[in-house]
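Trainee: Pasting in a structure now, in structure tokens, and then I'll have a few things to ask.
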Amino acid sequence: IEPRYGYWTLPAGFMENGETTYQGAIRETWEEARADIEIDGLYLSANLPHINQIYLLFRAKLLNTDFAPGPESLEVELFEESEIPWDEIAFPVISEGLKLYFENRKQNHYPVRMIDIIRHEEPESRLEINVIK
579 IEPRYGYWTL
589 PAGFMENGET
599 TYQGAIRETW
609 EEARADIEID
619 GLYLSANLPH
629 INQIYLLFRA
639 KLLNTDFAPG
649 PESLEVELFE
659 ESEIPWDEIA
669 FPVISEGLKL
679 YFENRKQNHY
689 PVRMIDIIRH
699 EEPESRLEIN
709 VIK
């Protein structure tokens with residue numbers, strides 16, 4: 579979807595009224611990837627003050643391999659770490675979250691991570707990524 583149509587991302591979206599963050603993650607995963615998941619827990623909290631948003635990324639188990647694009651998705655795919663098209667990831671928060679996840683996976687230890695992604699306009703547009711925890 580816009581603004582990064584044609585790029586890869588993880589299922590994501592806004593919460594609905596009366597919904598928990600876990601329920602929202604499960605719903606968005608179903609809507610976008612037609613995937614049945616079970617949430618393992620919060621993995622990453624990312625502050626994006628330049629767009630007034632907070633992203634929460636969860637670890638989850640895929641309950642079966644019956645998945646398909648939902649109405650908001652062009653394609654749905656599972657990638658091995660070595661196959662991830664890093665240059666085609668839609669949003670920096672997703673790239674950073676995946677990089678941290680693969681670092682943690684090597685130790686089989688998944689602490690809740692916190693990051694700030696700050697856009698600076700001067701002297702040039704650039705992102706500052708701070709891993710807090």
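Take 579 as the starting number for the sequence shown in my numbering and just add one per residue. Beta carbons are placed, not taken as given, at the ideal position from N, Cα and C, and that holds for glycine. Being a predicted model, the structure only gives us computed values, none of them experimental.
Are at least three pairs of beta-carbons, each pair with one atom in the region 660-667 and one in the region 623-635, less than 8 Å apart?
Mentor: Because the criterion of three Cβ pairs below 8 Å is not met, the region 660-667 and the region 623-635 do not touch.
Trainee: Which whole-angstrom value is the C-beta distance of residue 621 and residue 691, which I expect to be below 8 Å?
Mentor: In the sequence shown, counting from the first residue as 1, residue 621 sits at position 43. In the sequence shown, counting from the first residue as 1, residue 691 sits at position 113. Rounded, the Cβ-Cβ distance is 7 Å, consistent with contact.
Trainee: Opposite residue 616 in the DSSP bridges: which residues?
Mentor: Here residue 616 refers to the residue found at position 38 of the sequence shown. DSSP lists 639 as partners of residue 616.
Trainee: First and last residue of the alpha helix (DSSP H) that includes residue 609?
Mentor: Along the sequence shown, one-based indexing puts residue 609 at 31. 599-611 is the extent of the alpha helix (DSSP H) around residue 609.
Trainee: Any contact between the region 581-589 and the region 667-676? By contact I mean 3 or more CB pairs, one from each, below 8 Å.
Mentor: A contact exists between the region 581-589 and the region 667-676.
Trainee: Check this for me: beta carbons of residue 612 and residue 648, under 7 Å apart or not?
Mentor: Translated into positions along the sequence shown, residue 612 becomes position 34. Translated into positions along the sequence shown, residue 648 becomes position 70. Yes; because the gap between Cβ atoms is below 7 Å, this pair is in contact.
Trainee: Helix, strand or coil for residue 585? Go by DSSP, reduced to three states.
Mentor: If you number the sequence shown from 1, residue 585 lands on position 7. Residue 585 falls in the coil class under three-state DSSP.
Trainee: CB-CB under 6 Å to residue 626, same chain, minus the five flanking residues each way: which ones, in chain order?
Mentor: Reading the sequence shown from its first residue, position 48 is the one you call residue 626. Closer than 6 Å at the Cβ level, and outside the excluded window around residue 626, lie 695.
Trainee: Roughly how many angstroms separate the alpha carbons of residue 671 and residue 645, rounded to a whole number?
Mentor: Within the sequence shown, residue 671 is the residue found at index 93, counting from 1. Within the sequence shown, residue 645 is the residue found at index 67, counting from 1. About 24 Å.
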